[in-house]
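A.B. asks:
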Amino acid sequence: MASPTIAANAYASLARLMDPGAAGKSSAAAGPSFGDLLKDAMGNVVDSGRKSDQQTAAMATGKANVMDVVTAVAETDVKISTLVSVRDKVISAYEDIMKMSI
42 MASPTIAANA YASLARLMDP GAAGKSSAAA GPSFGDLLKD AMGNVVDSGR KSDQQTAAMA
102 TGKANVMDVV TAVAETDVKI STLVSVRDKV ISAYEDIMKM SI
């Protein structure tokens, strides 16, 4: 199980990746680029994590329902699992490309 420190470090790392001033926009793209889609997905994971943290804190003070907390944590878990699966597929595809002979 992840500790609050690990979770905080993960959120901070994603927040640095999500810095809007870090990357420029492509000017002639017909649709959103893969990088933009990936950035949006990571932003959704970060937002979901923050919502989960807020729900947990609200429950600790008696202001939230247990079901809301469980739902928020489950949604965050699904989003993180999906993001990890996509990461693993991208790494696998990269490794397959690197194995190809020229």
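Residue numbers for the sequence shown, in the numbering used here: 42 to 143. Cβ atoms here follow ideal geometry from the backbone N, Cα and C, with glycine treated the same way. In this text, all values refer to a predicted model and were calculated from it rather than measured experimentally.
Nearest-angstrom Cα distance between A113 and D137?
C.D. replies: The straight-line gap from Cα to Cα measures roughly 36 Å.
A.B. asks: Is V111 close to chain C, meaning its C-beta is less than 7 Å from at least one C-beta of that chain?
C.D. replies: In summary, chain C is missing from the structure at hand, where a single protein chain is found.
A.B. asks: Can you give the Cα-Cα distance for D72 and D88, rounded to whole angstroms?
C.D. replies: According to the sequence displayed, residue 72 carries Gly and not Asp. Roughly 24 Å between the two C-alpha positions.
A.B. asks: Output the boundary residues of the alpha helix (DSSP H) element that contains K80.
C.D. replies: Per DSSP, K80 belongs to the alpha helix (DSSP H) from 75-101.
A.B. asks: Under a Cβ-count criterion, where at least 16 other Cβ atoms within 10 Å of its own Cβ denotes burial, should G90 be classed as buried or exposed?
C.D. replies: Buried, because 16 or more other Cβ atoms sit within 10 Å of the Cβ of G90.
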